[in-house]
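Numbering of the sequence shown is given in this note's numbering, commencing with residue 1 and proceeding in unit increments. A short worksheet on the structure shown next.
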Amino acid sequence: GLLASLIIVILVAGPPQYGNAISDLLAGRSFLNTLLRTFVYTLTGTLLAIGLGTIAALLVKDRFPGRNIVRGFMLFPYVAPIVSVVFIWKLILNAQFGLVNELIDAAGGQRVDFLAQSSTAFLMIVLFQGWRYFPFAFLFILARIQAIPDDMYEAAKVDGAAPSQRLLYITLPQLQAVFGTLFVLRFIWTFNKFDDVFLLTGGAANTQLVTIEIFDQLFSRSNIGTASAVAVVLALVLMVVVGIYFRWFLVEEN
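So this is what it looks like as structure tokens:
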């Protein structure tokens, strides 16, 4: 991906060049704002995807007519080509003829250019992230829920536990390990994400992320040193996240 390609760029640029560039980056407010924005985007998008995946899994865990069809439809955002789903979102959110703005206009409100205004663009890319990747979490969580022994639920029913209590004290504790794994995987992939946001906004309207900054520095400004420095920072952040996960995993195993 983009990060792997930039490792080659770093080697070409040489340690002295990107070493000084890293210092300049960390001293600048602009990059720190971009880094903070990327953290917020990654954290909120990851939690939203896992939350939606959990809700979806709980809704379809029991048998009902057409359950398999509903499950299949839930996978659409994840399996559909990124260009197609971005086109659909841009069409729906279009300020002139989009469905959302038509509804706002019919309600007497003022049309909003959701992907071009700083006040709404960041929220839109977070919502897109959650919608696009909740099926990944949905599959993991549903598989774990179906592996929970029915005897546990039957015993809880006999003891008079309400559905909310069975969810709180049986289902959710059984999902703890899955939540941890999903959070780390989605955090890493989201922090390293490029194509989703680039296709939606191009990094404009307060949606400039670290990966888009790398692309901009390398291809738009031909600034290899700065692009390499940003890539190093990105790699270091991901290494720290992986390290924290393995430490947590070892504690859980012990």
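Backbone N, C-alpha and C define an ideal beta-carbon position, used for all residues, glycine too. Since we're looking at a predicted model, the values are computed, not measured.
Could you work out which residue in the options is closest to residue i when comparing CA atoms only?
i, options, result
"W131", "S30, V240, P77, S119", "P77"
"A205", "Q146, I92, M124", "M124"
"Q117", "E102, T201, I214, L250", "T201"
"L127", "I104, A147, V85, T34", "V85"
"V241", "G203, I170, Y133, T190", "T190"
"A137", "V79, V178, F249", "V178"
"L168", "I88, T181, N94, T54", "T54"
"K193", "A162, Q176, I212, A121", "I212"
"L36", "L234, A161, R247", "L234"
"D150", "M239, V232, I170", "I170"
"A121", "Q146, N94, A106", "N94"
DSSP on residue i, reduced to helix/strand/coil?
i, result
"L103", "helix"
"A49", "helix"
"N33", "helix"
"K157", "helix"
"S222", "coil"
"A259", "Residue coverage of the chain in this structure runs from 1 to 254, which leaves residue 259 outside it and unanswerable."
"F122", "helix"
"G66", "coil"
"F138", "helix"
"G130", "helix"
"F97", "coil"
"V60", "coil"
"G108", "coil"
With respect to the alpha helix (DSSP H) encompassing residue i, which residues constitute its N-terminal and C-terminal limits?
i, result
"I148", "Looking at the DSSP string, I148 is not in any alpha helix (DSSP H), and its letter there is neither H nor E."
"T190", "176–191"
"P77", "76–79"
"T211", "210–215"
"R166", "163–166"
"V83", "82–93"
"L115", "Element bounds for L115: n/a, residue is neither H nor E."
"F198", "195–200"
Residues in the same chain with beta-carbon distance under 7 Å from residue i, minus the five sequence neighbours each way, listed in chain order, please.
i, result
"V70", "V60"
"G180", "W248"
"G45", "V126, Q129, G130, T190"
Enumerate in chain order the residues of its own chain whose CB-to-CB distance from residue i is below 8 Å, with the five nearest sequence positions on each side excluded.
i, result
"S5", "Its pLDDT being 48, under 50, S5 is placed unreliably by the model, and the measurement read from it follows with that caveat. So no residue of the chain qualifies."
"I104", "Q110, R111, V112"
"R67", "V60"
"L199", "I82, V83, V86"
Given residue i, which residues of its chain have a CB within under 6 Å of its CB, disregarding the five upstream and five downstream residues?
i, result
"Q208", "T34"
"Y245", "V184"
"I148", "Q174"
"L75", "P135"
Mind checking whether the beta-carbon of residue i lies closer than 7 Å to any heavy atom of the ligand GDP?
i, result
"G225", "Judged by which ligands are present, the structure shown has none, so any question about the ligand GDP falls away."
Exercise. Using 8 Å as the Cβ pair cut-off and three pairs as the minimum, do the region 148–155 and the region 218–226 touch?
Worked result: Put simply, the region 148–155 does not touch the region 218–226. Fewer than three CB pairs are less than 8 Å apart.
Exercise. Any contact of the region 29–37 with the region 109–120, i.e. 3+ C-beta pairs under 8 Å?
Worked result: Flag = no, the region 29–37 and the region 109–120 do not touch.
Exercise. With a cut-off of 8 Å, do at least 3 Cβ pairs link the region 175–186 to the region 47–62?
Worked result: Touching, yes, given that three or more Cβ pairs across the two stretches are closer than 8 Å.
Problem set entry | the region 58–77 / the region 129–145 touching (three or more Cβ pairs under 8 Å) | Enough Cβ pairs lie closer than 8 Å, so yes.
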